[in-house]
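Start counting at 1 in the sequence shown, then tack on 82, and there's your number in this note's numbering.
Below is one structure, written out as structure tokens; the observations come after it.
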Amino acid sequence: MSGSSDTREAGVSWRAIFYGIRPLVVEFMAKEQMDRTTLDLFANERRPGRPKTNPLSRDEQLRVNKRNQLRRDKVRGLRRVELKINADAVDALNFLAQQRNISRSELIEQILLAQLAESGITA
Numbered sequence: 083m084s085g086s087s088d089t090r091e092a093g094v095s096w097r098a099i100f101y102g103i104r105p106l107v108v109e110f111m112a113k114e115q116m117d118r119t120t121l122d123l124f125a126n127e128r129r130p131g132r133p134k135t136n137p138l139s140r141d142e143q144l145r146v147n148k149r150n151q152l153r154r155d156k157v158r159g160l161r162r163v164e165l166k167i168n169a170d171a172v173d174a175l176n177f178l179a180q181q182r183n184i185s186r187s188e189l190i191e192q193i194l195l196a197q198l199a200e201s202g203i204t205a
């Protein structure tokens, strides 16, 4: 085997190096799942079912939506409070909230504020 055949396997000939000719190199960009701004990279991907209307995956959409919801809540002055109560109490709250045509969260807030006002504590 001569030296020129070794370089041809590598994709560059000695003549090209001698005359300063740069070999043609084709580089492909890596496709990043999170970065779908270059939609042409994903144009040939065929998926079964309804066409996607959002380039993000469902999990990523949920994270973005949750982050936006938390921002909206913060602007409205809302704070998150979690509690565990028995199922019968939840059913009663749901029924009463439905009767008053408000959300369960709003009902709980009204009950708490009424109890605080009755105790002489202002919110």
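We put the CB at the ideal spot given by N, CA and C, even for glycine.
The structure displayed is predicted, hence computed values, not measured ones.
Distance, residue j Cα to residue i Cα
i: Arg-90; j: Asn-136; result: Legend: pLDDT at Arg-90 = 44, less than 50; position of this residue unreliable, no value from coordinates given.
i: Asn-147; j: Ser-201; result: 38 Å
i: Thr-204; j: Leu-175; result: 23 Å
i: Leu-138; j: Asp-155; result: 24 Å
i: Ile-167; j: Phe-177; result: 15 Å
i: Ile-184; j: Arg-140; result: 30 Å
i: Ala-169; j: Gln-192; result: 20 Å
Contact check, residue i vs residue j, beta carbons under 8 Å
i: Ala-179; j: Leu-194; result: no
Per-residue DSSP class, three states only, for residue i
i: Glu-164; result: coil
i: Ile-193; result: helix
i: Arg-132; result: coil
i: Ser-187; result: helix
Residue from the options whose Cα sits closest to the Cα of residue i
i: Glu-164; options: Arg-153, Arg-182, Ser-187; result: Ser-187
C-beta neighbour in chain B for residue i, strict 8 Å
i: Glu-200; result: This model lacks chain B altogether, as it is built from one protein chain only.
Heavy atom of the ligand NAD within 7 Å of residue i beta-carbon
i: Leu-165; result: As for the ligand NAD, it is missing from this structure, which has no ligand bound.
Boundaries of the alpha helix (DSSP H) in which residue i is found, first to last residue
i: Asn-147; result: 140-157
i: Asn-176; result: 169-182
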